[in-house]
Amino acid sequence: MKTVRRAAVAGMFYPNNPAELEQTLTDLLAHPEGARRTQPPKALIVPHAGYVYSGPIAASAYAQLEPLRGRVRRVVLLGPAHYAFVRGLALPDAQCFRTPLGEVPLDLNRMRQLDAMPQVVRSADAHHKEHSLEVQLPFLQHVLGDFELLPLAVGEASAEEVADVLDAVWGGDETLIVISSDLSHFLPDTLARRMDQQTVAEIVALDSHIDAERACGATPINGMLLAAKRHGLRAVTLDVRNSSQTAGDPDRVVGYAAFAFEASGSEATSDGSREAFHESYGAFDESRGEILLKLARAAISARLGQKAQPVSEPEWLAEPGATFVTLTIKGELRGCIGTLDPYRSLTDDVKENAVAAAFRDPRFDPLRPAELNDVRVEVSLLSPVELIVAADEPAALAALRPHVDGVVLEYKQYRGLFLPQVWEQLPEPARFLAHLKRKASLPMNFWSPAVRLLRFTVSKWKEVGA
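So for the sequence shown, my numbering puts the first residue at 1; every next one is plus one.
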């Protein structure tokens, strides 16, 4: 007799009615964030809250799978074990998983092969109520059609143990890996965004040392990041939001992000990513820079109720991009807000950051209509971030490249960022780093082995007359 793991959270996390569920999935997938990637993903990281909260972010990842329908025959699905203690990674005692959309058969042959690995156990309890895996299945059924499932509830395990399991089932184009995880939990919106951006940067940098305070699925994520390094994959951010931006209270939010892992080829190293950036944006001449500046000014003007000059939006603006928008009046800073990782289109990123710099920079009062003609706009387009590997502070100072590097400093909940333009005021690396620590609310003479430094470069354009 076939053993079935029945849906545990249908009717709570997602609709129980099949027709309603199909329509919900169709609606979510109709408007994903960002553009479709040109190469199909080998793996995804997706959130696992109720669809009303994290469904739009998950859809940004699952929309990437539409070209893979009929090609993917196996999905390896990992998520954190929320309800039962597990030492290692737990397979279920079942032959299929059932959702309102039908049954998903398990890959019993691969499960038997994994039984031989010491970190893999069998646990019906770990899967009985586990929502982190279940909520992914309707999306996968809707997008992929028929496939076999290899579900693992991840408990206490090292990144190496998880990566070794992934290596054992890696397969080829017929195998897709899905990692289920939310990000920060129950922090105020502002603090959550800061913490989640740090986590996003670490995932993009393939830094497999994320802790459970910043992602409930930190253990499977860390294993995936280690496996990605082994297989020459890079992580691409597709969407980053939190529950206050979908359906929740801004005083107590949960963070969500979606990532795709794709072959990086010769761009597997950080230097390669930097070269790819310059190849992609080397064509960003003054005419393209002018369009970005006009978009930023138009967004600010529109928020002030002023008539804005129409701006044409060519196709390249739909590509993901990370920008900072800096405002000055008579050479004095008037606001600066930006994004470290490209999780939305250039159009949306420049507009949102322009409005945020003008009206939501906590260091300044909101821009007044009378200031609009005096303000000058600068747009910086960021390269991918790379980790600066340094054993101590002298090594970190030696690694910095004055007038080239933008730098992010992270230590626990503290974080500071300087654009490369800051070198103009602080040309000495020691002063630059000391002031960056102060911006992160740390003492200027502080250092710890746990300090992390990330660097990036920029292409920048500024309005005439500044």
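Glycine residues also receive a C-beta, built at the ideal position from the N, C-alpha and C atoms.
Fair warning: this is a prediction, and the values are worked out from it, not measured in the lab.
Leaving out five residues before and five after residue 420 in sequence, what residues of the same chain have Cβ atoms less than 7 Å from its Cβ?
Along the sequence shown, read from residue 1 onward, the residue named residue 420 stands at position 420. Only 403, 404, 405, 406, 457, 458 meet the Cβ criterion.
Can you check the region 225-261 for any beta strand (DSSP E) of at least 3 residues that lies completely inside it and give the ranges in chain order?
Counting only runs of 3 or more, we get 233-242.
Counting pairs of beta carbons, one from the region 18-33 and one from the region 216-230, are three or more of them closer than 8 Å?
Flag = no, the region 18-33 and the region 216-230 do not touch.
For residue 351, three-class secondary structure by DSSP:
If you number the sequence shown from 1, residue 351 lands on position 351. It is helical.
Return the chain-ordered list of same chain residues with a C-beta closer than 6 Å to the C-beta of residue 255, the five sequence neighbours on each side being excluded.
Here residue 255 refers to the residue found at position 255 when the sequence shown is read from its first residue. Cβ contact annotation for residue 255 (same chain, cutoff 6 Å, sequence separation greater than five): 183, 184, 192, 196, 242, in chain order.
Leaving out five residues on either side along the sequence, give the residues of the same chain with a beta carbon under 7 Å from the beta carbon of residue 297.
Within the sequence shown, numbered from 1, the residue matching residue 297 stands at position 297. Contacts found: 377.
Please determine, among 135, 229, 455, the residue with the shortest C-alpha to C-alpha distance to residue 262.
Start at 1 with the first residue of the sequence shown, and residue 262 comes out as number 262. Checked all of 135, 229, 455; the closest Cα to residue 262 is 229.
Give the straight-line distance between the Cα atoms of residue 17 and residue 8, rounded to the nearest whole angstrom.
One-based indexing of the sequence shown puts residue 17 at position 17. One-based indexing of the sequence shown puts residue 8 at position 8. Cα atoms of residue 17 and residue 8: separation of roughly 14 Å, rounded to the nearest angstrom.
Assuming residue 467 is part of the beta strand (DSSP E), what are its boundary residues?
This structure cannot speak to residue 467, because the chain is shown only from 1 to 466.
Between residue 61 and residue 258, which are expected to be in contact by the criterion C-beta below 8 Å, what is the C-beta distance as a whole number of angstroms?
In the sequence shown, counting from the first residue as 1, residue 61 sits at position 61. In the sequence shown, counting from the first residue as 1, residue 258 sits at position 258. So it is a contact: roughly 4 Å between Cβ atoms.
Which same chain residues, not among the five before or five after residue 301, have their C-beta less than 6 Å away from its C-beta?
As a first step, residue 301 must be located in the sequence shown, where it is residue number 301. Cβ within range, chain order: 308.
Beta bridge counterpart(s) of residue 409 as assigned by DSSP:
The sequence position of residue 409 within the sequence shown is 409, counting from 1. Paired residues: 416, 453.
Could you pull the start and end residues of the beta strand (DSSP E) that residue 185 belongs to?
In the sequence shown, the residue the question calls residue 185 occupies position 185. 185-187 is the span of the beta strand (DSSP E), which, as asked, contains residue 185.
Are there 16 or more other CB atoms within 10 angstroms of the CB of residue 162, so buried, or fewer, so exposed?
Here residue 162 refers to the residue found at position 162 when the sequence shown is read from its first residue. Label assigned to residue 162: buried.
Taking the CB atoms as reference points, tell me whether residue 156 and residue 86 lie closer together than 8 Å.
Numbered from its first residue, the sequence shown carries residue 156 at position 156. Numbered from its first residue, the sequence shown carries residue 86 at position 86. A Cβ-Cβ contact shorter than 8 Å links residue 156 with residue 86.
Return the CA-CA distance between residue 222 and residue 205, expressed in angstroms with no decimal places.
On the sequence shown, residue 222 is found 222 positions in, with the first residue counted as 1. On the sequence shown, residue 205 is found 205 positions in, with the first residue counted as 1. When rounded, the separation of the alpha-carbon atoms in residue 222 and residue 205 is 12 Å.
Simplified DSSP assignment, three categories, for residue 423:
Along the sequence shown, one-based indexing puts residue 423 at 423. Three-state DSSP puts residue 423 in a helix.
Quick one: residues in its chain with C-beta nearer than 6 Å to the C-beta of residue 366, no 5 flanking neighbours on either side, listed in chain order?
Locating residue 366 in the sequence shown gives position 366, where the first residue counts as 1. If we look at residue 366 and ignore the five residues flanking it on each side, its Cβ neighbours are 359.
Going straight from the alpha carbon of residue 104 to that of residue 15, what length do you get?
By one-based count along the sequence shown, residue 104 stands at place 104. By one-based count along the sequence shown, residue 15 stands at place 15. Their Cα atoms are separated by approximately 18 Å.
Spell out the partners DSSP gives residue 156 in its beta bridges.
Here residue 156 refers to the residue found at position 156 when the sequence shown is read from its first residue. In the DSSP assignment, residue 156 is bridged to 87.
What's the gap between the Cα of residue 5 and the Cα of residue 76?
In the sequence shown, the residue the question calls residue 5 occupies position 5. In the sequence shown, the residue the question calls residue 76 occupies position 76. One Cα belongs to residue 5, the other to residue 76, and the distance between them is close to 17 Å.
So, residue 200 versus residue 341, is the Cβ gap smaller than 8 Å?
Translated into the one-based positions of the sequence shown, residue 200 becomes position 200. Translated into the one-based positions of the sequence shown, residue 341 becomes position 341. Contact flag set, yes.
Rounded separation between residue 202 and residue 353 - CA only
For the purposes of this step, residue 202 is taken as the residue at position 202 of the sequence shown. For the purposes of this step, residue 353 is taken as the residue at position 353 of the sequence shown. Their backbone Cα atoms lie some 22 Å apart in a straight line.
Alpha carbon to alpha carbon, how far is residue 126 from residue 78?
Within the sequence shown, the letter at position 126 stands for residue 126. Within the sequence shown, the letter at position 78 stands for residue 78. Answer to the nearest angstrom: the Cα atoms are 12 Å apart.
Simplified DSSP state of residue 5, which is helix, strand or coil:
On the sequence shown, residue 5 is found 5 positions in, with the first residue counted as 1. Under the three-state reduction of DSSP, residue 5 is assigned to strand.
Taking only three categories from DSSP, how would you classify residue 278?
Taking the first residue of the sequence shown as 1, we reach residue 278 at position 278. Confidence at residue 278 is low in this model, with a pLDDT of 46, below 50, so the placement of that residue is unreliable and no value is reported for it.
Is residue 291 helix, strand or coil by DSSP?
Numbered from its first residue, the sequence shown carries residue 291 at position 291. Three-state result, residue 291: helix.
Let's test the definition: count the other Cβ atoms within 10 Å of the Cβ of residue 142 and tell me whether it reaches 16, buried, or not, exposed.
Working through the sequence shown from its first residue, we reach residue 142 at position 142. Buried, because 16 or more other Cβ atoms sit within 10 Å of the Cβ of residue 142.
Do we get a CB-CB distance below 8 Å when we pair residue 159 with the residues of chain D?
In summary, chain D is missing from the structure at hand, where a single protein chain is found.
Using the DSSP secondary-structure output, state which residues sit across from residue 461 in a beta bridge.
Taking the first residue of the sequence shown as 1, we reach residue 461 at position 461. Residue 461 pairs with 379.
At what residues does the alpha helix (DSSP H) containing residue 112 begin and finish?
If you number the sequence shown from 1, residue 112 lands on position 112. From DSSP, the alpha helix (DSSP H) with residue 112 extends over 108-114.
For residue 357, which residues of its own chain have a beta-carbon under 6 Å away from its beta-carbon, when the five flanking residues on both sides are left out?
Against the sequence shown, residue 357 aligns to sequence position 357. Cβ neighbours of residue 357 within its own chain (closer than 6 Å, five residues either side excluded): 325, 327, 335, 336, 337.
In or out: residue 27 buried (at least 16 other Cβ within 10 Å) or exposed?
Taking the sequence shown and counting its residues from 1, one reaches residue 27 at position 27. Exposed.
Using C-beta distances below 7 Å, list every residue in its chain close to residue 139, excluding the 5 sequence neighbours before and after it, in chain order.
Taking the sequence shown and counting its residues from 1, the one referred to as residue 139 is at position 139. Take residue 139, set aside five residues on each side of it, and the residues of its chain with a beta-carbon closer than 7 Å to its own are 25, 58, 62, in chain order.
So, is residue 465 buried or exposed, given that buried needs 16 or more other C-beta atoms within 10 angstroms?
The residue labelled residue 465 in the question sits at position 465 within the sequence shown. Answer is exposed; the Cβ neighbour count stays below 16.
Start-to-end residues for the alpha helix (DSSP H) that takes in residue 431
On the sequence shown, position 431 is the one that residue 431 refers to. Element bounds for residue 431: 429-439.
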